[in-house]
Amino acid sequence: AQGFLRRVLTKGQVFPFTKANETISLALARETEPSAMQSYNQDNLFWDEKDLNSEALSGWSQFYFIIVGMVKVSLILVLPLAYFLIFIGLIFGSGGWSARSETFYGLTLYITFPFLLIYGHFKLVSAGHLFLAPFLKSKRVYSLNRQTGMVTLFKKGNKERFSHPFIEFDCVLMS
């Protein structure tokens with residue numbers, strides 16, 4: 001009746017969820033037609049016949065996407081509800097526009113416009129019209145190179161941390 005952590009730290013027991021799956025999923029191969037494969041843009045693939053590259057988002061880009069997600073939710077749900085409540089107050093409340101104008105202008109100037117700027121920047125970057133700031137770019141994690149037969153791990157700043165011969169490149173590429 002030992003806990004999970006104690007079993008991992010003391011016995012070195014292999015858990016079933018850590019074993020690699022020995023089957024290859026064919027669902028994607030069945031759904032993708034050859035005509036669709038020809039239209040893929042080769043520049044956007046993270047692998048080709050020569051190498052396999054893995055990249056991850058930087059901490060700043062993760063923060064940026066969280067902010068953009070919260071802004072989008074606010075623009076779709078929260079701000080329309082806030083404007084709706086202001087207009088309901090105009091119709092059914094006392095004081096009229098003069099009582100609500102400061103709230104309306106404050107909401108528009110200090111919340112809606114900055115949110116629209118953030119979300120507009122995201123849409124322009126997604127469409128390819130603007131470039132990402134350098135601190136939002138992805139960072140390389142590893143690279144497998146068939147020509148040199150090497151696996152290379154990277155650290156901060158895309159600098160090489162470790163490089164070693166890797167014989168089973170084709171096995172990784174196939175699976």
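Numbering of the sequence shown is given in UniProt numbering, commencing with residue 1 and proceeding in unit increments.
Glycine included, every Cβ here is placed at the ideal spot set by N, Cα and C.
So, with DSSP's three-state summary, where would you put residue i?
| i | result |
| --- | --- |
| K137 | coil |
| S58 | coil |
| A1 | Confidence at A1 is low in this model, with a pLDDT of 48, below 50, so the placement of that residue is unreliable and no value is reported for it. |
| R146 | coil |
| H164 | strand |
| H130 | The identity of residue 130 in the sequence shown is Leu, whereas the question assumes His. If DSSP states are grouped into helix, strand and coil, L130 belongs with coil. |
| K72 | helix |
| K50 | coil |
| F154 | strand |
Measuring CB to CB, does residue i end up less than 8 Å from residue j?
| i | j | result |
| --- | --- | --- |
| R146 | K50 | yes |
| S138 | T152 | no |
| Y119 | V73 | no |
| F113 | I86 | no |
| V68 | F122 | yes |
| L124 | L117 | no |
| L144 | L57 | no |
Is residue i near the ligand COA, in the sense that its beta carbon is under 7 Å from a heavy atom of that ligand?
| i | result |
| --- | --- |
| F63 | By its list of ligands, the structure shown contains no ligand whatsoever, and the ligand COA lies outside what it can speak to. |
In chain order, what residues of the same chain lie with their CB nearer than 6 Å to the CB of residue i, ignoring the 5 residues before and after it?
| i | result |
| --- | --- |
| S61 | L136 |
| R6 | none |
With a CB to CB cut of under 8 Å and the five nearest residues on each side skipped, what residues in its chain are close to residue i?
| i | result |
| --- | --- |
| E55 | F46, S138, K139, R140 and V141 |
| R100 | I86, G89, L90 and G93 |
Stretch-stretch touch, CB-based, cutoff 8 Å, three pairs: the region 127-139 with the region 106-118: no
Three CB pairs or more closer than 8 Å across the region 155-169 and the region 66-80: no
Those runs of the alpha helix (DSSP H) which lie wholly inside the region 87-126 and span at least 4 residues: 96-107
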